[in-house]
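Chemist: I have a structure here, written as structure tokens, and I will follow up with some questions on it.
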Amino acid sequence: MVDSLTTEQRHRIMSHIRSKDTKPEMLVRRLLYAEGYRYRLHAPDLPGTPDLVFRGRHRVVFVNGCFWHSHSCSNGTHNPATNADFWAAKRTRTVERDSQALAGLAPSGWAAMTVWECELRDLTAVADSLHRFLGPPAGATK
Numbered sequence: 147m148v149d150s151l152t153t154e155q156r157h158r159i160m161s162h163i164r165s166k167d168t169k170p171e172m173l174v175r176r177l178l179y180a181e182g183y184r185y186r187l188h189a190p191d192l193p194g195t196p197d198l199v200f201r202g203r204h205r206v207v208f209v210n211g212c213f214w215h216s217h218s219c220s221n222g223t224h225n226p227a228t229n230a231d232f233w234a235a236k237r238t239r240t241v242e243r244d245s246q247a248l249a250g251l252a253p254s255g256w257a258a259m260t261v262w263e264c265e266l267r268d269l270t271a272v273a274d275s276l277h278r279f280l281g282p283p284a285g286a287t288k
């Protein structure tokens, strides 16, 4: 696939990609908050700086973009044709860093869940998975 943008245009676009408060992350945050869950954001004291931290439950949630974290879906398996070696190395390092973060959480008694960007097409299924992982929100009655 040929890139229709110049190198300068592509650089400008790529330099504005954020690591926090992304659209997928904001969707998950709004969903959980509306259901009554309360959380902390981006805890730097935990391995991998999880996106959402539920300290009282010892649970963390990572919201990962499929391309950036090499998910097994069509978006995650797409390999850019331009500067392919750079992107392959970058994405490999990201996957390794993700594995290290998950491995670092378990010995401390933390459970982790990853929500993938492609899964957000079905918010009901994501909400169900999160609810099973987190348990009922605080103050919920049966």
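Counting in our numbering, the sequence shown runs from 147 upward without gaps.
Note that beta-carbon positions come from the ideal geometry of N, C-alpha and C, so glycine has one too.
Grouping DSSP H, G and I as helix and E and B as strand, with all else coil, what is L151?
Modeler: Taking the first residue of the sequence shown as position 1, residue 151 is located at position 5. Here L151 sits in coil by DSSP.
Chemist: Tell me the DSSP secondary structure of T195 in three-state form.
Modeler: Numbered from 1 along the sequence shown, position 49 holds the residue referred to as residue 195. Coil at T195, not helix or strand.
Chemist: When the distance is taken between beta carbons, is Y185 closer than 9 Å to F200?
Modeler: In the sequence shown, the residue the question calls residue 200 occupies position 54. In the sequence shown, the residue the question calls residue 185 occupies position 39. Taking 9 Å as the Cβ cut-off, F200 and Y185 qualify as a contacting pair.
Chemist: Indicate whether V351 and A258 have their beta-carbon atoms separated by less than 9 Å.
Modeler: Nothing about residue 351 can be read from this structure; the chain reaches only from 147 to 288.
Chemist: Determine, using beta-carbon pairs with one atom in the segment 240-259 and one in the segment 187-197, whether at least three such pairs fall under 8 Å.
Modeler: Contact holds: three or more Cβ-Cβ distances are below 8 Å.
Chemist: Do L198 and R176 have their beta-carbon atoms positioned less than 9 Å apart in this structure?
Modeler: By 1-based counting over the sequence shown, the position of residue 176 is 30. By 1-based counting over the sequence shown, the position of residue 198 is 52. Against a cut-off of 9 Å, the Cβ pair of L198 and R176 comes out as no contact.
Chemist: Would you mind sorting R158 into buried or exposed? The rule is 16 or more other CB atoms within 10 Å of its CB.
Modeler: For this step, residue 158 is matched to residue 12 along the sequence shown. So R158 ends up on the exposed side.
Chemist: Of the choices F279, W233, L151 and G202, whose alpha-carbon is the least far from that of F213?
Modeler: For this step, residue 213 is matched to residue 67 along the sequence shown. Closest by alpha carbon: W233.
Chemist: Does the beta-carbon of V272 have 16 or more other beta-carbons within 10 angstroms, so that it is buried, or is it exposed?
Modeler: In the sequence shown, the residue the question calls residue 272 occupies position 126. By the neighbour-count rule (16 or more Cβ atoms within 10 Å), V272 is buried.
Chemist: Look up W233 in the DSSP assignment and say whether it is helix, strand or coil.
Modeler: Taking the first residue of the sequence shown as 1, we reach residue 233 at position 87. DSSP places W233 in helix when its eight states are reduced to three.
Chemist: Going by DSSP, what residue range makes up the alpha helix (DSSP H) through F279?
Modeler: As a first step, residue 279 must be located in the sequence shown, where it is residue number 133. It spans L269 to L280 - the alpha helix (DSSP H) in which F279 sits, taken as one unbroken run.
Chemist: Which residues does DSSP list as the beta-bridge partners of T260?
Modeler: Here residue 260 refers to the residue found at position 114 of the sequence shown. Per DSSP, F208.
Chemist: Return the CA-CA distance between S275 and L151, expressed in angstroms with no decimal places.
Modeler: In the sequence shown, the residue the question calls residue 275 occupies position 129. In the sequence shown, the residue the question calls residue 151 occupies position 5. Cα-Cα distance, rounded: 39 Å.
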